[in-house]
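Under this note's numbering, the sequence shown is numbered contiguously, ending at residue 935. C-beta: ideal position from N, C-alpha, C; glycine also. Below is one structure, written out as structure tokens; comments come after it.
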Amino acid sequence: MINTSFLEKIATVIIQDYSHKLAETTIILPNKRAKVFLIEALKNETSHTILSPDIISIEDFVQDVAAIRSVDSIELLFEFYEVYLSITEKQHQQSFELFANWAKTLLQDFNEIDRYLLEPSHVLSYLNDIEDIKKWGIEVENKTKLLENYIDFWKLLPLYYESLYNHLLNKSIGYQGLIYREAVHNLNHFSNTTAGRSFLFAGFNALNAAEEKIVQHLLALDQARIYWDVDQVFLNDPYHDAGLFVRRFKENWKHYKANPFEWIVDDFSQSKNIQVIGTPKTIGQAKLTGSIIERIIAENPTTSLDKVAVVLGEENLLIPVLYALPSSVGALNITMGYSSRNNPSQILIAKLFKMHTNALSRKGESYVFYYKDVLDVLTHPLVEPYASAGNLVKIIKENNYTFITHNRLFELNPKVSDLFKLLFQKWENGSIAVLENISTLLLVIKKNFSNDNEEEKIAKAFVFAIFKVINKLISYYAKHKHIDNIDTLYAIYKQVIDVAEVSFEGEPLRGLQIMGVLESRVLDFDTVIVTSMNEGKFPAGKSQNSFIPYDVKKELGLPTFKEKDAIYTYHFYHLLQRAKNIYLIYNTENDGLDAGERSRFITQLEVEKQVKHNLTFDIYNPVLPAMANTPMVVPKSEAVLERLKEIAVNGFSPSALTSYIRNPIEFYFQKILRIREVEEVEENIALNTLGTIIHETLKALYDPFVGRLISEIDIKNCFKLLDEEVLKQFKVVYKEGEIKKGRNLLAFEVAKRNVSNFLKMELDLISNGDQVQIIALEKTFERQLQHPALPFPVLIKGNVDRIELRNGKIRIIDYKTGKVEKASVVLKSWNGLTQELKNDKIIQVLAYAFMFETEAKEIPIEAGIISFKNLKSGFLPFGFKEDKELTTTVSKEILASYLEEIVVLLKEIFDVTIPFEEKIN
15 MINTSFLEKI
25 ATVIIQDYSH
35 KLAETTIILP
45 NKRAKVFLIE
55 ALKNETSHTI
65 LSPDIISIED
75 FVQDVAAIRS
85 VDSIELLFEF
95 YEVYLSITEK
105 QHQQSFELFA
115 NWAKTLLQDF
125 NEIDRYLLEP
135 SHVLSYLNDI
145 EDIKKWGIEV
155 ENKTKLLENY
165 IDFWKLLPLY
175 YESLYNHLLN
185 KSIGYQGLIY
195 REAVHNLNHF
205 SNTTAGRSFL
215 FAGFNALNAA
225 EEKIVQHLLA
235 LDQARIYWDV
245 DQVFLNDPYH
255 DAGLFVRRFK
265 ENWKHYKANP
275 FEWIVDDFSQ
285 SKNIQVIGTP
295 KTIGQAKLTG
305 SIIERIIAEN
315 PTTSLDKVAV
325 VLGEENLLIP
335 VLYALPSSVG
345 ALNITMGYSS
355 RNNPSQILIA
365 KLFKMHTNAL
375 SRKGESYVFY
385 YKDVLDVLTH
395 PLVEPYASAG
405 NLVKIIKENN
415 YTFITHNRLF
425 ELNPKVSDLF
435 KLLFQKWENG
445 SIAVLENIST
455 LLLVIKKNFS
465 NDNEEEKIAK
475 AFVFAIFKVI
485 NKLISYYAKH
495 KHIDNIDTLY
505 AIYKQVIDVA
515 EVSFEGEPLR
525 GLQIMGVLES
535 RVLDFDTVIV
545 TSMNEGKFPA
555 GKSQNSFIPY
565 DVKKELGLPT
575 FKEKDAIYTY
585 HFYHLLQRAK
595 NIYLIYNTEN
605 DGLDAGERSR
615 FITQLEVEKQ
625 VKHNLTFDIY
635 NPVLPAMANT
645 PMVVPKSEAV
655 LERLKEIAVN
665 GFSPSALTSY
675 IRNPIEFYFQ
685 KILRIREVEE
695 VEENIALNTL
705 GTIIHETLKA
715 LYDPFVGRLI
725 SEIDIKNCFK
735 LLDEEVLKQF
745 KVVYKEGEIK
755 KGRNLLAFEV
765 AKRNVSNFLK
775 MELDLISNGD
785 QVQIIALEKT
795 FERQLQHPAL
805 PFPVLIKGNV
815 DRIELRNGKI
825 RIIDYKTGKV
835 EKASVVLKSW
845 NGLTQELKND
855 KIIQVLAYAF
865 MFETEAKEIP
875 IEAGIISFKN
885 LKSGFLPFGF
895 KEDKELTTTV
905 SKEILASYLE
915 EIVVLLKEIF
925 DVTIPFEEKI
935 N
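What follows is the structure, encoded as structure tokens:
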């Protein structure tokens, strides 16, 4: 019998003992999934055509016994809320959201109480007594309202239970525990009506009290047989958790006083290769899984993978594993749902909820959207190709719209598509209207997909999964009209999404099998790969999601984490029981997400090692490149040289030269390829935008004075125009951006302060006798640079902020809104001027001096910077300090030395043998 799978043995029993009455036989399995495999085993066992017996899961069987329909957790929550409202005084009633927080836990406890057939009034009054004892010492007059409500809550538990139980019974619906309790009540009636039927229970491990009662009742009447799948290694070891439940049943059931216990097998101690492999992170485990499967195929190319199972300890590994599988896998069967949380259409609906709930929460007359929410929706892949709103996205980005009213949105996008209308329809008519709007929206999205494209078929399946959820919510809301709040609707939607899954369609009997832990029950494989073998994942670890304390559970016989661990242990060891090759993969990282120490199951395999087990331990690390990032190198082609010649003719700006010094690749992208930065909404004014506003304001204020001497009265008049001019420039530069509040208001005030401080400085200097005549403001100058070392003449061209004649000297000024110190414009040696980025300001101001030199005639020139964050230092002129003497006048010698260095830089730029090479800071 060794290594015949459990289901094959069951098939043999069915054919041998029940072939004469298959139509009157019901096979009950732990889950629905095993049914397909049992039918296949039956097919292989028989040589002629037979009618299959009825094969159902235990849950469906118990529903048949009880004659009650099961409801899902969300519908149950709605029903419970209805009961809660009917028995709670109006002034004490909580909103659905608050109610749901504790009701979910309470329903779980009701479920456990019923599944284990405990007396509810006893358990719930027990909880009340415990709480009373906890608050024993508090005098009556010291009891606060909150404390009274808390104690009242525990007193009301029996009433909640009873009212809900009766309410559901009247509707012939119920949660799992209620169905189990009713099934036990209905047992005699059921066994009488099915007297001619035979029941065969197969592959069970942990049974709750209700299931035990049902099975034992049918065994006693000789209407049923039960076959366990337990290895003698686990059964005979009194401490082994994999045999915890079966040991109890073997000892306690009356049936086994007179009947043999079937089946105890000896498979686990047979020879097995168990490889325990540690690798960093989730993605490492996925890659490793892929390479193990690749190796299996390489070793035996004709092998069928249907006896190979990948068991994922965590469902979020599914997508990485699918990507990691080799293309040679061929057929594949995934028997676990893909969580709807990451479903693209779910993400769209979540973004819609966010956009509309934010709009509703803004108190005001108009319905106002936040630009990020709008762009999130309009750029979603299910919307962008079909909403015809590309122009609207462009307008929002170019004009810095931060908040957009509903009406303005439709004004900016006059040609609206049906999809656009549905996305931005106001959510003001209650929850059902919102859900119907989303349902219609999903149908419109569905129409955009074709049936011929495989990828679009998958997208359609995702949309359909969400469509079903929305329609389910519509039916809930139609029955329960008293819950009508959009925030609550979103909370419920998120809970429903968590349980809604997209099912994969596959050929269950062919190819590689990928499944979760629970899906592996009853099945046997030759090769098993188990991932996430870390504590907290496999086994899942303690989670005390219950109002019933641990010691009370222990006393009453309710399952604690000890029993939950034992269930996990059984599943794990059952996976290994008949397998020959086993790979256990765990995450070696102890910190961060998805981390934890190595699973205790691995330690247990090591400590209790069987003689025939070959157990090996490995650590696999990914191959890491020696360098995380290799600098980009772009050789200069003919086309690049042509473009450089074009720039030389049109003009090199000082900022183009400094961008080459900063990073040649940046120069290549901006100047050669002409790649501009993507236009984005500036929600908060960027520093460069603030700089533009200050520059433009100063230009506007000083424009009337060009060509004449400035008087004190002129500057005093500028103060009067200041506020209006800054606001005007803000509107020009920042367009529709919000400047009346938040950071932007602060930026607005900073701009005013900067200009005001500059004017004060100017006024002080003029009142102290400075003679100032403006020559040019924000004007573009250019001059050709010819040099024997250059292959062709180069035009140097740039925009100068301000040129003035001050006290007999020409002063060329560059405004900087950032902080500049005097040291930044003082040079000690010309050598290496263009090698250092710190000289960028010197390169810039001397370029301006070179361009203006011919117009200055013989008047001495100073070139420098005025830094708005360092106004107290005033004008910071360029200075050359060879020895101890500082020269601030830009002489012909200084310009000649400067140009020599610029020529060196330009030669490098034009040199075909020197590629553009990225500088990594």
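* Asked: Taking just the CA atoms, how far does Phe110 sit from Ala505?
  -> 10 angstroms
* Could you name the residues of the same chain whose beta carbon sits closer than 6 angstroms to that of His269, not counting the 5 residues immediately before and after it, in chain order? => Leu233
* **Own chain, CB closer than 8 angstroms to Asn451, minus 5 neighbours either side, in chain order** => Leu436, Gln439 and Trp441
* Write down the C-beta distance between Val407 and Leu362 rounded to the nearest angstrom, noting that I regard them as a contact closer than 8 angstroms. => Not quite, the Cβ-Cβ distance comes to about 16 angstroms (not below 8 angstroms), so this is no contact.
* If we ignore side chains and look at the alpha-carbon of each, how far apart do Leu687 and Phe615 end up? -> 59 angstroms
* So Val325 and Val513 are in contact, right, with Cβ under 8 angstroms, and what is the actual spacing, rounded? -> Wrong, their Cβ atoms sit about 22 angstroms apart, outside the cutoff.
* Which residue spans inside the segment 311-336 form an unbroken alpha helix (DSSP H) run of at least 4? -> none
* At which residue ranges does the segment 215-263 contain complete beta strand (DSSP E) runs of 3 or more residues, listed in the order of the chain? -> 238-242
* Same chain, Cβ closer than 8 angstroms to Val365, neighbours up to 5 away in sequence not counted -> First, the residue type needs correcting, since residue 365 is Lys and not Val in the sequence shown. Only Asp387, Asp390, Val391 and His394 meet the Cβ criterion.
* To do: Grab the span of the beta strand (DSSP E) containing Ile599 for me, first residue to last.
  => Asn595 to Asn601
* Cβ-based neighbour list, Gly188, same chain, cut-off 6 angstroms, excluding 5 preceding and 5 following -> Ile82 and Leu182
* Return the chain-ordered list of same chain residues with a C-beta closer than 7 angstroms to the C-beta of Ala836, the five sequence neighbours on each side being excluded. => One detail in the question is off: residue 836 reads as Lys in this sequence, not Ala. Contacts found: Ser887 and Leu890.
* Could you please give the first and the last residue of the uninterrupted beta strand (DSSP E) stretch that includes Pro891? => Phe889 to Pro891
* Locate the alpha helix (DSSP H) running through His394, then write down its first and last residues. => Careful: His394 lies outside any alpha helix (DSSP H) and carries neither H nor E.
* Could you say if the segment 272-290 and the segment 622-637 meet the contact criterion of at least three C-beta pairs nearer than 8 angstroms? => yes
* **When Ile788, Gln77, Glu103 and Leu487 are compared against Val720, the one with the closest alpha-carbon** => Ile788
* Using 8 angstroms as the threshold, is the segment 751-769 in touch with the segment 707-714, meaning 3 or more CB pairs across them? -> yes
* Asked: From what residue to what residue does the beta strand (DSSP E) around Leu629 run?
  -> His627 to Ile633
* Spell out a yes or no on whether the segment 43-58 and the segment 15-30 are touching, meaning 3 or more CB-CB pairs, one atom from each, closer than 8 angstroms. => yes
* To do: Compute the beta-carbon to beta-carbon distance between Val458 and Asp432, rounded to the nearest angstrom, for a pair I have assumed lies under 8 angstroms.
  => 6 angstroms
* Asked: Quick one: what's Phe383 bridged to in DSSP?
  -> Ile418
* Asked: Comparing alpha-carbon positions, which option in Gln800, Leu112, Ile165 and Ile193 lies nearest Phe124?
  -> Ile193
* Asked: Which residues in the same chain have their Cβ closer than 7 angstroms to the Cβ of Ser781, if we skip the five residues on either side of it in sequence?
  -> Glu726
* Identify whether Lys148 lies in helix, strand or coil by the three-state DSSP scheme. => helix
* Out of Thr18, Ser139, Ser838 and Lys159, which has the shortest C-alpha to C-alpha gap to Leu170? -> Ser139
* To do: For the alpha helix (DSSP H) containing Arg825, list its first residue and its last residue.
  => Note, Arg825: premise wrong, no alpha helix (DSSP H); beta strand (DSSP E) at Lys823 to Lys830.
* Quick check: the segment 845-865 against the segment 672-685, are there 3 or more CB pairs under 8 angstroms? -> yes
* Straight-line CA distance for His199 to Leu99? -> 29 angstroms
* Helix, strand or coil for Ile16 per DSSP? -> Note that Ile16 has pLDDT 47, beneath the 50 cutoff, so the model's placement of it is unreliable and the number below is only indicative. Ile16: coil per DSSP, three-state reduction.
* To do: Hey, could you find the ends of the alpha helix (DSSP H) Ile452 is sitting in?
  => Ser445 to Lys461
* Given that a residue counts as buried once 16 or more other Cβ atoms are within 10 Å of its Cβ, and exposed if not, what is Glu876? -> buried
* Proximal residues to Leu791 (C-beta, below 7 angstroms), its chain only, five neighbours per side dropped -> Lys713, Tyr716, Asp717, Val720 and Arg816
* To do: Going by CA-CA distance only, name the one from Arg757, Gly571, Ile528 and Ile410 that's closest to Thr303.
  => Ile528
* Asked: Going by beta carbon distance, what residues of the same chain come within less than 7 angstroms of Thr371, once the five residues before and after it are set aside?
  -> Ile500, Asp501 and Tyr504
* Does the distance from the C-beta atom of Ile310 to that of Thr317 stay below 8 angstroms? -> yes
* **Residue environment, Met641, which counts as buried when at least 16 other CB atoms sit within 10 Å** => exposed
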